[in-house]
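Read through the structure below, which is laid out as structure tokens, and then see the notes.
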Amino acid sequence: MHEDVVSPLDERLEALQTKVGVGQSLARDRNEQDKNSRPSSRFAEYGCECAAKACEQLVLLTLEDYEGVRRVPTRFVVARGHVDSRVEVVVRETSRYQVVEKFGVAAEVARRLDPELLSRRLREIGS
Ligand SMILES: [Zn+2]
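My numbering runs 612 ahead of the 1-based position in the sequence shown.
Laid out in structure tokens, this is it:
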């Protein structure tokens, strides 16, 4: 018979991944809100979207690059070295920033809190 036992270690990791996922989604929301007020110059400053709440590091990337990251709800742009390997893997890197992709619970949280997905869903409900 199969027993569904969650070990304390799994629970701790899940709690951590949830916390990290929420923090990064908040950082993403801030960048999304700033988007419209940006100059149309090639490079723009974005707030690092790493899990550290107090992180105020800025990363330079083009709007095109930023939109590319945003197309995948579980991807975030962070300053180099601001990667938490417990909850994410680096999928792309340049000399200025790294793009990370969440896995596990952090990915679930990021997907649930994705502003574009949410508004799409709301539009679907409204139509
Ligand atoms: Zn950071």
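A virtual CB, placed ideally from N, CA and C, is assigned to each residue, including glycine.
Among the options, whose alpha-carbon lies nearest the alpha-carbon of residue i?
i	options	result
A639	E728, L670, C660	C660
R654	L673, D646, S619	L673
A656	E644, A664, C662	E644
Y709	V717, V695, E700	V695
A663	Q629, G738, L675	Q629
Given 7 Å as the limit, tell me if residue i has its C-beta closer than that to any heavy atom belonging to ligand 1.
i	result
Q636	no
V681	no
V632	no
V690	yes
A718	no
A722	no
Q710	no
A664	yes
Q645	no
Assign residue i to one of three DSSP states: helix, strand, or coil.
i	result
S652	With a pLDDT of 49 at S652, under the threshold of 50, the predicted position of this residue should be treated as unreliable, and no value is reported.
L672	strand
R687	strand
K665	coil
Would you please state the rounded distance, in angstroms, between the beta carbons of residue i and residue j? I believe it to be under 8 Å.
i	j	result
V721	V711	With 8 Å as the limit, V721 and V711 do not qualify as a contact, their Cβ atoms being about 18 Å apart.
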